[in-house]
Amino acid sequence: MAGKRQCLKAVTVFEGSYLGDNTVLDAGSRLECKICWWVYDPARGDPIWGVAPGTPFAELPPHWKCPNCDGAREQFMLLSD
Ligand SMILES: [Zn+2]
54 MAGKRQCLKA VTVFEGSYLG DNTVLDAGSR LECKICWWVY DPARGDPIWG VAPGTPFAEL
114 PPHWKCPNCD GAREQFMLLS D
């Protein structure tokens, strides 16, 4: 039986995308905004939103957005060092 097409993956997942899945995050994980490249570093926190240094990305307030471009947190990419 020739000519049968192989099933292609319909869904492409961006490698490193956070997509709201806190299980992929460590306490020290840094994440970068996909839109404006702003980086959240837990060691520094976020003075714009009043987030204290040492706050993991997973524990940011639910309403938190990128302080630079207002992008949704799901749009952040996990940085690997
Ligand atoms: Zn941004």
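Positions 54 to 134 (this note's numbering) are the ones given, in order, by the sequence shown. The beta carbon of each residue, even a glycine, is placed where N, CA and C say it ideally should be. Computed from a predicted model, the values in this text were never measured in an experiment.
- The residues PRO95, ALA96, PRO109, in chain order, have a CB closer than 8 Å to that of GLY81 in the same chain once the five nearest residues on each side in sequence are set aside.
- If you check the C-beta of GLY98 against ligand 1, you find no heavy atom less than 6 Å away.
- CYS122 places its beta carbon less than 7 Å from that of ILE88.
- Distance from the C-beta of ASN121 to the nearest heavy atom of ligand 1 is below 6 Å.
- Within the model, the alpha-carbon separation for ASP79 versus GLY107 is close to 12 Å.
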